[in-house]
Amino acid sequence: MIAAIFIQVLFLGLLFFGAYKLFSRGGRRGGGEFSIRRLFHYSLLYFSVIIAGFGVSGLLGRSLDFGKVIAETRTDLARNLSFAIVGLPLVYLFARWSKKNLRDDSSERTSLAWSAYLTITSITSLVISLNGLHDTLSWLIGNDAYRGSALAQLLIWSIIWYFHIRLSREAGEANRAQYLIGSGIGLSILAVGFGGLVANSIELLINVNQEILSIERTDPILNSAITILMGLPVWIIYWLRGALTFTRDFLWHAYVFLAGIAASFITTVAGFSVVLYDVLVWFLGDTKNLSATQHFFTTANAVGAALSGLAIWSYHRSLLQEEAERTELRRIYEYIVTGVSLIAASLGILMIIVAAIESVTPSDISTTREGSNSLILAVTLLIVGAPIWWMFWNRIERAVLRESADLESPTRRIYILMLFGVAGVAAVVSLITLIFLFFDDLLNSELSGTTLRDMRFAVGILVTNAAISGYHWTIYKSERETPVEIFRRGRHITLVGPSDAHIVELLKEQLGGNVQLWVSPDSGSPWNLQELVELIDTTEGQELLVINEKKKLRAFPIHH
Numbered sequence: 014m015i016a017a018i019f020i021q022v023l024f025l026g027l028l029f030f031g032a033y034k035l036f037s038r039g040g041r042r043g044g045g046e047f048s049i050r051r052l053f054h055y056s057l058l059y060f061s062v063i064i065a066g067f068g069v070s071g072l073l074g075r076s077l078d079f080g081k082v083i084a085e086t087r088t089d090l091a092r093n094l095s096f097a098i099v100g101l102p103l104v105y106l107f108a109r110w111s112k113k114n115l116r117d118d119s120s121e122r123t124s125l126a127w128s129a130y131l132t133i134t135s136i137t138s139l140v141i142s143l144n145g146l147h148d149t150l151s152w153l154i155g156n157d158a159y160r161g162s163a164l165a166q167l168l169i170w171s172i173i174w175y176f177h178i179r180l181s182r183e184a185g186e187a188n189r190a191q192y193l194i195g196s197g198i199g200l201s202i203l204a205v206g207f208g209g210l211v212a213n214s215i216e217l218l219i220n221v222n223q224e225i226l227s228i229e230r231t232d233p234i235l236n237s238a239i240t241i242l243m244g245l246p247v248w249i250i251y252w253l254r255g256a257l258t259f260t261r262d263f264l265w266h267a268y269v270f271l272a273g274i275a276a277s278f279i280t281t282v283a284g285f286s287v288v289l290y291d292v293l294v295w296f297l298g299d300t301k302n303l304s305a306t307q308h309f310f311t312t313a314n315a316v317g318a319a320l321s322g323l324a325i326w327s328y329h330r331s332l333l334q335e336e337a338e339r340t341e342l343r344r345i346y347e348y349i350v351t352g353v354s355l356i357a358a359s360l361g362i363l364m365i366i367v368a369a370i371e372s373v374t375p376s377d378i379s380t381t382r383e384g385s386n387s388l389i390l391a392v393t394l395l396i397v398g399a400p401i402w403w404m405f406w407n408r409i410e411r412a413v414l415r416e417s418a419d420l421e422s423p424t425r426r427i428y429i430l431m432l433f434g435v436a437g438v439a440a441v442v443s444l445i446t447l448i449f450l451f452f453d454d455l456l457n458s459e460l461s462g463t464t465l466r467d468m469r470f471a472v473g474i475l476v477t478n479a480a481i482s483g484y485h486w487t488i489y490k491s492e493r494e495t496p497v498e499i500f501r502r503g504r505h506i507t508l509v510g511p512s513d514a515h516i517v518e519l520l521k522e523q524l525g526g527n528v529q530l531w532v533s534p535d536s537g538s539p540w541n542l543q544e545l546v547e548l549i550d551t552t553e554g555q556e557l558l559v560i561n562e563k564k565k566l567r568a569f570p571i572h573h
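Rendered as structure tokens:
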């Protein structure tokens, strides 16, 4: 019942989203926009493929479960039969309808609905087939029992995925969102597998005397190797042979900066922070009488995460070494890292203040040994967070002094105002808490050193957030007269030149607005997206006519 309601709500949400996309875009409708017919058509085709896929894979799985009695799971058989009987004819009907539309309407292949269908169906089938692949590989190496359902899941959903990925390749870069999502999935699986392999290997070396008994019935190292074998082909297909060769547009840089660099950098820093904390606790803190093996056994996971993140960060960082230009995405990445490291450093200062108050105030329970671990945590956060914040913030400030674009960046203004606002609110709330605790004990005749101890976290939050808010307020005060650069949206661009099935979609994503292509019989050279974007950015006017001549591009503003 809950699943049925969820599916209906999801479908209605997709419907309203599609309707919003349809009616919120002004101007002439292009191939890249939704229509009501396409929304219903490809939504129904998607659900038909999913229903048929589950039905057929379920039936095949039963036939591959050799030696099992079918009557034992009659409910599953009834479900699979109903899915297959209903789903297969629907897939056939909607597929024929799609084939006819793709043949008769040239804008169908470049429509947003068709691209969205290919992306969602391919990614869905990929995830399901990977689940079947994991269970099948586990059986092949003896880590798991044989299940026909896993093999059937792998076979059927791999066929569905392969069919849709071939259709996606025909669309080329117009379907690059799918390739970037697939690249992220493959990269994530690889990261988990590599990190697990490192962690499990270290655990094996640490636990050589079998001080810690494992309750896992499968070999963790083999499980990590299976994970790597799952992720590597996906990453090669979607990234090395796909997205890596695409035009380095906004989406491409967003993936590299945010998924490839920022996420892996934060993972690396977090992993090394845990390692540093465990080492400091072993030498200076309370180990709770654990042996070295017991204490450092869980540290292996942090080492694996740190090395995996470092490898991913290094690779994606190398892709941008030759790009000296500071883009808005690069600024977003730098401000994200700066903000995260500032939060870590401020938590370290907060914990030091808390530990200092605890050391000079009375307590019913002796917490000297536990307090030492809290102080070590604070020092760890400071050692990790402060240098990273200083390095990235100095880089940002040097860029602000060097280029006006960095000073006028909307990302910078959002970052400064957000830190000022959030830290200011936190400081006010902590101040209210301090005053409440003081008057509560005063009016109840309980004012003592214990009152200050109860205030320790509020004092720490007040001091750290007041400093953060005040510092960023001074920056905002000195820059508030500087106009913030606003990206131009809603321009009307008409291209005149050779036919290109994807240039309209690519340009729309880069610049927004309305873009249309007039095919000229006497066409020039093929469209170059980078040159086209640079020309449009340097040409004033709300409406532009761009002509692809034989030797160069020319842009003319249109005045009414």
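Numbering of the sequence shown is given in the numbering used here, commencing with residue 14 and proceeding in unit increments. Just so it is clear, CB atoms sit at the ideal spot from N, CA and C, and this is done for glycine as well. Here the structure is a predicted model, which is why all the values come from computation and not from measurement.
Among residues of its own chain, excluding the 5 on either side of R581, which ones have a beta-carbon nearer than 8 Å to its beta-carbon?
-> Limits of the chain in this structure are 14 at one end and 573 at the other, which puts residue 581 out of reach.
Alpha carbon to alpha carbon, how far is T280 from E459? Give it in angstroms, no decimals.
-> If you number the sequence shown from 1, residue 459 lands on position 446. If you number the sequence shown from 1, residue 280 lands on position 267. If you take the alpha carbons of E459 and T280, they lie about 46 Å apart.
What's the C-alpha gap between K565 and S124?
-> Reading the sequence shown from its first residue, position 552 is the one you call residue 565. Reading the sequence shown from its first residue, position 111 is the one you call residue 124. Cα to Cα, the separation comes out at about 29 Å.
Any chance the stretch 203–223 sits against the stretch 305–318, with 3 or more Cβ pairs inside 8 Å?
-> yes
So, helix, strand or coil for R567, using DSSP?
-> Indexing the sequence shown from 1 puts residue 567 at position 554. Correct three-state label for R567: strand.
For V509: DSSP bridge partner residues | One-based indexing of the sequence shown puts residue 509 at position 496. W531 and I560, per the DSSP bridge assignment.
For the stretch 159–195, list the beta strand (DSSP E) runs that are entirely contained and at least 3 residues long, ordered along the chain.
-> none
Cα-Cα separation between K521 and S119, rounded to whole angstroms = Start at 1 with the first residue of the sequence shown, and residue 521 comes out as number 508. Start at 1 with the first residue of the sequence shown, and residue 119 comes out as number 106. Answer to the nearest angstrom: the Cα atoms are 18 Å apart.
Using the Cα positions of Y489 and Y428, report the straight-line distance between them to the nearest angstrom.
-> Along the sequence shown, one-based indexing puts residue 489 at 476. Along the sequence shown, one-based indexing puts residue 428 at 415. Using only the alpha carbons, I get a separation of about 10 Å.
Could you tell me which of L508, G322, L432 and I448 sits nearest to T487, measuring between CA atoms?
-> What you label residue 487 is simply residue 474 of the sequence shown in a count that begins at 1. Minimum Cα distance to T487 is reached at L432.
Cα-Cα separation, S379 to L293 | On the sequence shown, residue 379 is found 366 positions in, with the first residue counted as 1. On the sequence shown, residue 293 is found 280 positions in, with the first residue counted as 1. Legend: pLDDT at S379 = 49, less than 50; position of this residue unreliable, value from coordinates given subsequently. Near 21 Å, if we compare the C-alpha coordinates of L293 and S379.
What is the C-beta distance between R339 and A412, in whole angstroms, given that I count them as a contact (C-beta under 8 Å)?
-> As a working mapping, residue 339 is identified with position 326 in the sequence shown. As a working mapping, residue 412 is identified with position 399 in the sequence shown. At roughly 6 Å, the Cβ-Cβ gap stays under 8 Å, so R339 and A412 are in contact.
Using the Cα positions of R42 and D148, report the straight-line distance between them to the nearest angstrom.
-> Translated into positions along the sequence shown, residue 42 becomes position 29. Translated into positions along the sequence shown, residue 148 becomes position 135. Low confidence applies here, because R42 scores a pLDDT of 43, under 50, leaving its location unreliable; read the following figure in that light. If I take the Cα positions, the gap works out to 46 Å.
Are the stretch 173–186 and the stretch 124–141 touching, with three or more C-beta to C-beta distances below 8 Å?
-> yes
Classification of I448 by the beta-carbon crowding that lies within 10 angstroms, buried from 16 upward | What you label residue 448 is simply residue 435 of the sequence shown in a count that begins at 1. Burial call: exposed.
Please state whether DSSP places P400 in a helix, a strand or coil.
-> Working through the sequence shown from its first residue, we reach residue 400 at position 387. Of the three classes helix, strand and coil, the one that applies to P400 here is helix, per DSSP.
L57 to V104 span [Cα, whole Å] = As a first step, residue 57 is located in the sequence shown; it is residue number 44 there, counting from the start. As a first step, residue 104 is located in the sequence shown; it is residue number 91 there, counting from the start. Each residue's CA atom was taken as its position, placing L57 and V104 some 9 Å apart.
Pull up the distance between the alpha-carbon of D157 and that of A187, whole angstroms please.
-> Within the sequence shown, the letter at position 144 stands for residue 157. Within the sequence shown, the letter at position 174 stands for residue 187. If I take the Cα positions, the gap works out to 41 Å.
Compare the C-alpha of E416 against each of L388, A129, D453 and E341 and name the closest.
-> By one-based count along the sequence shown, residue 416 stands at place 403. Closest by alpha carbon: E341.
If you draw a straight line from the alpha carbon of E492 to that of R122, how long is it in whole angstroms?
-> Position 479 of the sequence shown holds residue 492. Position 109 of the sequence shown holds residue 122. One C-alpha to the other measures close to 47 Å.
Hey, quick one: how far does the alpha helix (DSSP H) through A305 stretch, first residue to last?
-> As a working mapping, residue 305 is identified with position 292 in the sequence shown. Taken as a continuous stretch (DSSP letters only), the alpha helix (DSSP H) holding A305 covers A305 to F309.
Using alpha carbons as the reference points, say which of T495, S443, T393 and V282 lies closest to D419.
-> The residue labelled residue 419 in the question sits at position 406 within the sequence shown. Residue T495 is the option with its Cα nearest to D419.
Does any C-beta atom of chain D lie closer than 7 Å to the C-beta of F310?
-> Among the protein chains of the structure shown there is no chain D, as only one such chain exists.
Give, in chain order, every unbroken run of the alpha helix (DSSP H) that is at least 4 residues long and sits entirely within the stretch 452–497.
-> 462–467 and 469–492
Residue range of the unbroken alpha helix (DSSP H) whose run includes Q543 = As a working note, residue 543 is residue 530 in the sequence shown. Start and end: L542 to D550.
Between F270 and the rest of its own chain, which residues show a CB-CB distance below 6 Å, the 5 nearest in sequence each way excluded?
-> In the sequence shown, residue 270 corresponds to position 257, counting from 1. Closer than 6 Å at Cβ, skipping near neighbours: L342 and Y346.
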